[in-house]
Each structure stands twice: as C-alpha cells, then as structure tokens.
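Peer 1: End of the sequence shown sits at 348 in the working numbering; the numbers just go up one at a time, nothing left out.
The C-beta atom is built at its ideal place from N, Cα and C for all residues, glycine as well.
All figures in this text were calculated on a predicted structure; none of them were measured in a lab.
Following this message is one structure expressed as structure tokens.
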Amino acid sequence: MRVEIGFHDREEEIKELMNILDTRPDIITFVYGPINSGKTELFNYLIGKLPEKYKVFYINLRGVYVREADDFLKVLFEVEEEERTVREFLKVVIDALPRSVGGIPIPKSAFLRFFEGKEVENVFRYLEMFFKRISEKFIPVLIMDELQVIKDVKIDELLIYKLFNFFIRLTKELHICHVFAVTSDSLFIERIYAEAMLHGRCRFLLVDDFDYEETKEFLKRKGLSDEEIAYVWENVGGKPVYLVEIVKSEDKRKKVEEILSVRESEIRQRLKILREFGERISIYGEEYNVDYERVIEALSMFAEREHIDNDEIDEISKRYLVKLNILFADPVRGKIKTQSKIDLIAIRNILHAR
Ligand SMILES: Nc1ncnc2c1ncn2[C@@H]1O[C@H](COP(=O)(O)OP(=O)(O)O)[C@@H](O)[C@H]1O
Ligand SMILES: [Mg+2]
C-alpha cells in the first residue's frame, strides 16, 4: 500500500515567512532547527505557493563538499552555454526564468573567468548586478540551505564573512532581495548570534519538530487511533521524518519500537566509544579532551527536565553532544534541549539502565 504523505500545514511558520516576503527586504532571516525538523520541506512547499512576482534562487549545500572557492562557485552558479556578454545575457535570461532555480544563472565565459581567475570580488559584483536586474521586474528570494557547510572555508578571509556582507548589501542597504539562510547546526547559529557584524541586521526563525498538537493532528489525518497517537508521542515524539516512516509502516507499534531502539543503540555506542577510547574536540582552534563522566553528568540533567540553561553545562560536553546531534543549543532562547524528543526518551532509558 502506498501512503500519500503530502505537506502538513506548518501554518505558523508559513504565515511568518509570508509576512517577511510581503514587506521590503530589510534584514537577513536565519532559519534554524534540529536536523530533519522539516526546514527544507517548508521552503519547498513555500516556493510552490509563491505568486508569480517572486523569483526564487534556492541553493542547497547539503552533501556538498566545499573546500575552496571553486567548489563554492560550482554550487552557487548554474552555468549556461552562452556566447553573449553578461549584459545581453541578463536581458534575455530574466524573462525566461522559471519560478525557482537551483543556482544563479551565469554565461559560461563569465563563469570560467571567475573560476580561473579566482576573482571572488568580481563574483559578488556579478551577483549584485544580477539581483539588481531581477529586482527591476520581480522580487528575488535567495535561499541558502545548510549554509554551515562553508563555515570554515577561507578565501583570503572567511568566505562566510564575504557572504554575510553580500546578504547585508542585498537586504539592509539595497532592499532588493529577500535572503534566507537555513541551517541545522546550532553551534553555527550560536556563532552567528554572537557575530557583531550581524547585530540588528538579522532575525532568527526556529523550525522545530512538530509539537504535541501538530503531531496529533498529523497522525490523526493519516488515520491513526488515539491510542496509537499517544504511543507514538510517548516513544518517538514529533520529528516529521519518523512520523512519516511510522505512517507508512504496516505494524506501527513495531516501527515505533524499532525507531526508538535504533536511536538508543546509537547513543549507547557513542558513549561506549567515548568511555573506552576518549574523544577530542576542537574549539577555536584548540583541542580538548572530552570527559566521559562530565558528559554523563550533562546528560543526567535531562533525567527530569526537558530544557537546561546554557551555563548549567560545561562547554566541552555541550559542544560534543551538539556535534553528535544529541543536544540542540538554541542561542536565541538561551536554552539547551535534546535534539528531538526521541533523544530525550533514549537518554532517560540509558540513564535508567545504568
Ligand atoms: N510539514 C511536513 N509535512 C510532511 N512531511 C514532512 C514535513 N516536514 C518534514 N517532513 C518529512 O520529514 C523529512 C525531513 O524533513 P526536511 O525538510 O528534509 O528536514 P530538515 O531540512 O529540517 O533537515 C522530509 O523528507 C519529509 O518526509
Ligand atoms: Mg534540510
């Protein structure tokens, strides 16, 4: 049996994004949330709903290995076999643009010049010209998904700073293009949140797993009984990707048990490796030892609570657990929680069995 999942509304987030899109671009929007919480899905859906006057440039860095400028240029641009000059190219390309594209169109000759000459400044000049031209007829929307991929890439200085400057130029200064930067990496968001150059120039929007009400509604629509819904919520929580898996399975109870047990084993195994071999973690270029006992102490705080404050946990354990996607640090709210409800349940089971 094939179960159609479709998109589950996300009313609040859609409304917030539409409000942003309805007004003049003023600041950058950082969209953050745990992995698999539905950020990409939300934008896919939104793109499909936008009126004609918007043109979306959706660049997904997920799974892309960016080591230097070249790798970035390859994902950023959509190269077109074109003999025309940039000026002439732009004249025709703008009218032929579909509602959404996966890269910034550029004629091959210009791309090769950037590529061979490593002229990063000219790249941004081209981008600015491109968006200016688009904005004469349309409202451009630039979405960069999984932006943390390039967080450490250096071209003279960190590429990310050049990008932020460019985003500021498009929004705060020129008001010509909406900019959304999406990430699952909460340590990256923490860095952005503390970044002086972005103060007053960005907003943060959390896209989290479904809460209880949304989970209930989602599962009810898919025909699950109240009892089944309660079972799912108690054992897995509201991460959309798991809910979809459960809805699709014949034996829902078994699926729930399987998902939880897999997650529990993963965490157990990581802790076992830490205890037996130790782990190192790099913070601001310095290497530190991760201490097993302190990690357990940090996890123990979740035995009875769902959130803790940032200063209740040592920074090394925090970063270690965030990197493993067990914890999620929300710098905007100043709270740390588990990456998902399933991690909370798994941690409690593990602590209980000790
Ligand atoms: N609103 C939604 N309605 C239905 N399914 C969803 C929804 N959001 C996410 N999903 C499911 O969860 C999966 C992971 O979502 P995704 O958007 O890729 O997460 P993220 O980008 O936050 O890591 C999707 O492939 C989809 O199956
Ligand atoms: Mg995504």
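With a threshold of 16 other CB atoms inside 10 Å of the CB of T23, please say whether the residue is buried or exposed.
Peer 2: By one-based count along the sequence shown, residue 23 stands at place 29. T23 is buried by the Cβ-count criterion.
Peer 1: Indicate whether A347 and E258 have their beta-carbon atoms separated by less than 7 Å.
Peer 2: The residue labelled residue 347 in the question sits at position 353 within the sequence shown. The residue labelled residue 258 in the question sits at position 264 within the sequence shown. Not a contact, by the Cβ cut-off of 7 Å.
Peer 1: Report the rounded CA-to-CA distance for E140 versus Y278, giving the unit in angstroms.
Peer 2: Along the sequence shown, read from residue 1 onward, the residue named residue 140 stands at position 146. Along the sequence shown, read from residue 1 onward, the residue named residue 278 stands at position 284. In a straight line, the C-alpha of E140 is about 21 Å away from that of Y278.
Peer 1: Given V326, which residues of its chain have a CB within under 6 Å of its CB, disregarding the five upstream and five downstream residues?
Peer 2: Position 332 of the sequence shown holds residue 326. If we look at V326 and ignore the five residues flanking it on each side, its Cβ neighbours are F198.
Peer 1: Among all the DSSP beta bridges, which residues are the ones paired with R274?
Peer 2: Counting from 1 along the sequence shown, the entry for residue 274 is found at position 280. DSSP, once it has assigned bridges, lists N283 as partnering R274.
Peer 1: What first and last residue would you give for the beta strand (DSSP E) that runs through Y48?
Peer 2: The residue you call residue 48 lines up with position 54 of the sequence shown. Its beta strand (DSSP E) spans residues 48 to 54.
Peer 1: Indicate, with yes or no, if ligand 2 has a heavy atom lying under 6 Å from the CB of T209.
Peer 2: For the purposes of this step, residue 209 is taken as the residue at position 215 of the sequence shown. Every heavy atom of ligand 2 is 6 Å or more from the Cβ of T209, so no.
Peer 1: Does the stretch 282 to 290 come close enough to the stretch 306 to 319 that 3 or more CB-CB pairs lie under 8 Å?
Peer 2: Touching, per the Cβ criterion.
Peer 1: Which runs of the beta strand (DSSP E), 3 residues or longer, sit entirely within the stretch 161 to 207?
Peer 2: Entirely contained in the stretch 161 to 207, the beta strand (DSSP E) runs reaching 3 residues are, in chain order, 172 to 177, 196 to 200.
Peer 1: Let's test the definition: count the other Cβ atoms within 10 Å of the Cβ of E7 and tell me whether it reaches 16, buried, or not, exposed.
Peer 2: Here residue 7 corresponds to residue number 13 of the sequence shown, with the count starting at 1. Buried.
Peer 1: In whole angstroms, what separates the C-alpha of L36 from that of R4?
Peer 2: In the sequence shown, the residue the question calls residue 36 occupies position 42. In the sequence shown, the residue the question calls residue 4 occupies position 10. L36 and R4: Cα-Cα distance of roughly 8 Å.
Peer 1: Spatial neighbours of R107 within its chain, please: C-beta separation below 8 Å, excluding the five flanking residues on both sides.
Peer 2: For this step, residue 107 is matched to residue 113 along the sequence shown. Around R107: E113, N116.
Peer 1: My assumption, with CB atoms under 8 Å, is that I183 sits in contact with Y26. Please give the rounded CB distance.
Peer 2: Reading the sequence shown from its first residue, position 189 is the one you call residue 183. Reading the sequence shown from its first residue, position 32 is the one you call residue 26. Indeed they touch by this definition, with Cβ atoms about 5 Å apart.
Peer 1: E299: which of D205, F158, E208, I330 sits nearest, CA to CA?
Peer 2: On the sequence shown, position 305 is the one that residue 299 refers to. According to the sequence as given, residue 299 is Arg; it is not Glu. Among D205, F158, E208, I330, the Cα nearest to that of R299 belongs to I330.
Peer 1: Can you tell me which residues form a DSSP beta bridge with D324?
Peer 2: Indexing the sequence shown from 1 puts residue 324 at position 330. DSSP lists K329 as partners of D324.
Peer 1: Using the three-state DSSP reduction, which class does I267 fall into: helix, strand or coil?
Peer 2: Looking up residue 267 in the sequence shown gives position 273. Note: I267 maps to helix in three-state DSSP.
Peer 1: Might you give, ordered along the chain, the residues of its own chain that have their beta carbon closer than 7 Å to the beta carbon of Y59, omitting 5 neighbours on each side?
Peer 2: As a working note, residue 59 is residue 65 in the sequence shown. Once the five neighbours on either side are set aside, the close Cβ partners of Y59 are D65.
Peer 1: According to the neighbour-count rule (16 or more other Cβ atoms, all chains shown, within 10 Å of its Cβ), is P28 buried or exposed?
Peer 2: Here residue 28 corresponds to residue number 34 of the sequence shown, with the count starting at 1. P28 is buried by the Cβ-count criterion.
Peer 1: So, does the stretch 163 to 182 touch the stretch 80 to 98, judging by three or more C-beta pairs under 8 Å?
Peer 2: Not touching, per the Cβ criterion.
Peer 1: Is any heavy atom in ligand 2 found nearer than 6 Å to the beta carbon of T177?
Peer 2: By one-based count along the sequence shown, residue 177 stands at place 183. Checking the Cβ of T177 against ligand 2 gives no.
Peer 1: Hey, out of K335, V316, K248, whose CA is closest to A297's CA?
Peer 2: The residue labelled residue 297 in the question sits at position 303 within the sequence shown. The shortest C-alpha separation from A297 is found at K335.
Peer 1: Do V316 and L157 have their CB atoms nearer than 7 Å?
Peer 2: As a position in the sequence shown, residue 316 is number 322, starting the count at 1. As a position in the sequence shown, residue 157 is number 163, starting the count at 1. Cβ distance not < 7 Å, so V316 and L157 don't count as in contact.
Peer 1: Pick out whichever of F118, E82, S255 has its Cα sitting closest to the Cα of N343.
Peer 2: For this step, residue 343 is matched to residue 349 along the sequence shown. The option with the nearest alpha carbon to N343 is S255.
Peer 1: Which term fits N319, buried or exposed, when burial requires 16 or more other beta carbons within 10 angstroms of its beta carbon?
Peer 2: Working through the sequence shown from its first residue, we reach residue 319 at position 325. That one is buried.
Peer 1: Between F158 and chain C, is there a C-beta pair that is closer than 7 Å?
Peer 2: The structure shown contains no chain C, having only a single protein chain.
Peer 1: If contact is defined by three or more beta carbon pairs under 8 Å, each pair taking one atom from either stretch, is the stretch 229 to 244 in contact with the stretch 266 to 275?
Peer 2: Result no; under three Cβ-Cβ pairs closer than 8 Å.
Peer 1: Could you pull out every residue in the same chain whose Cβ sits closer than 8 Å to the Cβ of L358, ignoring the five residues on either side in sequence?
Peer 2: Since the first and last residues shown for the chain are -5 and 348, residue 358 lies out of range.
Peer 1: CA-CA distance, N13 and P19?
Peer 2: Taking the first residue of the sequence shown as position 1, residue 13 is located at position 19. Taking the first residue of the sequence shown as position 1, residue 19 is located at position 25. Rounded to whole angstroms, N13 to P19 spans 11 Å at the Cα level.
Peer 1: Three or more C-beta pairs under 8 Å: does that hold for the stretch 45 to 59 against the stretch 143 to 161?
Peer 2: Touching, per the Cβ criterion.
Peer 1: Check this for me: beta carbons of I21 and T165, under 7 Å apart or not?
Peer 2: In the sequence shown, the residue the question calls residue 21 occupies position 27. In the sequence shown, the residue the question calls residue 165 occupies position 171. Taking 7 Å as the Cβ cut-off, I21 and T165 qualify as a contacting pair.
Peer 1: DSSP three-state call for Y26: helix, strand or coil?
Peer 2: By one-based count along the sequence shown, residue 26 stands at place 32. It is a strand residue.
Peer 1: Roughly how many angstroms separate the alpha carbons of E222 and Y39, rounded to a whole number?
Peer 2: Taking the first residue of the sequence shown as position 1, residue 222 is located at position 228. Taking the first residue of the sequence shown as position 1, residue 39 is located at position 45. Those two C-alpha atoms are separated by around 28 Å.
Peer 1: Taking the DSSP output, what are the residues bridged to E151?
Peer 2: Taking the sequence shown and counting its residues from 1, the one referred to as residue 151 is at position 157. Per DSSP, I149.
Peer 1: Quick check: K47 and I170, are their CB atoms within less than 7 Å of each other?
Peer 2: As a first step, residue 47 must be located in the sequence shown, where it is residue number 53. As a first step, residue 170 must be located in the sequence shown, where it is residue number 176. No, Cβ-Cβ distance for K47 and I170 is not below 7 Å.
Peer 1: I believe I275 touches Y314 by the beta-carbon criterion, under 8 Å. Please report the beta-carbon distance rounded to the nearest angstrom.
Peer 2: Looking up residue 275 in the sequence shown gives position 281. Looking up residue 314 in the sequence shown gives position 320. Between Y314 and I275 the Cβ distance is about 5 Å, and since that is below 8 Å, they are a contact.
Peer 1: Assuming N229 contacts V250 (C-beta within less than 8 Å), just tell me the rounded distance between them.
Peer 2: On the sequence shown, residue 229 is found 235 positions in, with the first residue counted as 1. On the sequence shown, residue 250 is found 256 positions in, with the first residue counted as 1. Right, the Cβ-Cβ distance comes to about 5 Å (below 8 Å), so this counts as a contact.
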